[in-house]
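Q: What follows is a single structure, and I will ask about it in a moment.
In this note's numbering, the protein residues as written are 266 to 493.
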């Protein structure tokens with residue numbers, strides 16, 4: 266016990282004898298601890314912001330494109346084109362049991378016109394489940410349903426910026442627009458979405474139609490249709 270008291274007394278004497286050095290030492294320790302805490306807080310903040318932006322894009326999603334092979338596989342040469350088809354969508358639905366939902370997506374830049382204005386917009390052909398996959402909220406009307414998809418109906422849902430450009434403050438839902446001259450009924454409009462990331466443009470600036478309608482009226486030069 267006496268030994269501990271002597272150590273404490275000697276420590277106090279040293280601190281009092283070298284006040285500036287002791288103060289700088291304590292400041293350095295405090296600054297080091299504060300720096301570590303600050304770096305952890307900044308890292309957590311960036312991580313939280315990143316996750317929030319991913320949630321805007323869609324929760325727990327994977328986006329798949331075709332491309333070119335980089336290695337020789339199964340006797341096939343490297344650099345071979347891989348193009349996804351609608352059969353791939355069906356195969357994922359059938360065989361990938363951990364995948365909850367899957368949707369095809371085909372987009373093109375097309376001219377759209379309302380009675381009041383016109384413009385060129387990204388038109389996306391998708392499945393009804395796309396709204397849930399992409400965490401989209403409606404400001405009015407409805408999203409496309411299975412009947413729209415099955416019957417390839419000429420209906421559309423418009424983003425907030427599309428609504429502003431084509432209708433301004435007028436009623437959009439229930440109105441008609443023409444996409445490349447084909448009449449489409451506006452069945453819904455999306456809420457404005459704060460979006461800092463995307464893979465094909467902002468949702469506010471898009472028009473969404475049934476995928477079946479897309480391949481019927483605006484097919485890709487190599488359309489994603491079932492290969493039978």
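Beta carbons: idealized from backbone N, C-alpha and C, even for Gly.
Just so you know, these numbers come straight off a predicted model, no measurement behind them.
#1: For residue 406, which of 395, 378, 445, 455 has the nearest alpha-carbon?
#2: Hey, how far is the Cα of residue 492 from the Cα of residue 352?
#3: Within the continuous beta strand (DSSP E) that includes residue 433, where are the two ends?
#4: Work out the CA separation of residue 354 and residue 368 for me, nearest whole Å.
#5: Which first and last residues belong to the alpha helix (DSSP H) in which residue 328 is found?
#6: Less than 9 Å between the beta carbons of residue 389 and residue 473, yes or no?
#7: Count the CB pairs spanning the region 354–364 and the region 415–423 that are closer than 8 Å, and state whether there are at least three.
#8: Name the one or two DSSP bridge partners that residue 384 has.
#9: Whole angstroms are fine: how far does the CA of residue 324 sit from the CA of residue 452?
#10: Measure the C-alpha to C-alpha separation of residue 444 and residue 458 and round it to an integer number of angstroms.
#11: Which term fits residue 371, buried or exposed, when burial requires 16 or more other beta carbons within 10 angstroms of its beta carbon?
#12: Please classify residue 448 as buried or exposed, where buried requires at least 16 other C-beta atoms within 10 Å of its C-beta.
#13: Within 10 angstroms of the Cβ of residue 291, are there 16 or more other Cβ atoms? Answer buried if so, exposed if not.
#14: In chain order, what residues of the same chain have a beta carbon less than 6 Å from the beta carbon of residue 422, not counting five sequence neighbours either side?
#15: Please state the DSSP three-state secondary structure of residue 307.
#16: In whole angstroms, what separates the C-alpha of residue 305 from that of residue 293?
#17: Is it right to say residue 489 is buried, meaning 16 or more other beta carbons lie within 10 angstroms of its own, or is it exposed?
#18: Report the residue from 482, 346, 425 whose alpha carbon sits nearest the alpha carbon of residue 336.
#19: Can you tell me whether residue 404 is helix, strand or coil according to DSSP?
A: Straight from the coordinates:
#1: The shortest C-alpha to C-alpha distance from residue 406 to any of 395, 378, 445, 455 is the one to 455.
#2: Legend: pLDDT at residue 492 = 42, less than 50; position of this residue unreliable, value from coordinates given subsequently. Those two C-alpha atoms are separated by around 7 Å.
#3: From DSSP, residue 433 is part of no beta strand (DSSP E); its letter is neither H nor E.
#4: Between the C-alpha atoms of residue 368 and residue 354 there is a straight-line separation of about 7 Å.
#5: Going by DSSP, residue 328 is part of no alpha helix (DSSP H) at all; its letter is neither H nor E.
#6: It is a contact, given that the beta carbons lie within the stated cut-off.
#7: Touching, no.
#8: In the DSSP output, where bridge partners are listed per residue, residue 384 has 377.
#9: Distance between the alpha carbons of residue 452 and residue 324 is about 25 Å.
#10: Approximately 23 Å, taken between the alpha carbons.
#11: Label assigned to residue 371: buried.
#12: Within 10 angstroms of the beta-carbon of residue 448 lie fewer than 16 other beta-carbons, which makes it exposed.
#13: Exposed, by the Cβ-count rule.
#14: Leaving aside the five residues that flank residue 422 on each side, the residues in its chain whose CB is nearer than 6 Å to its CB run, in chain order, 408, 453, 473.
#15: Residue 307 falls in the helix class under three-state DSSP.
#16: Distance between the alpha carbons of residue 305 and residue 293: 18 Å.
#17: Because the pLDDT of residue 489 is 47, which lies under 50, any placement of that residue in the model is unreliable, and the number read from its coordinates should be weighed accordingly. By the 10 Å Cβ count, residue 489 comes out buried.
#18: Ranking the options by Cα distance to residue 336, first place goes to 346.
#19: Strand, per DSSP.
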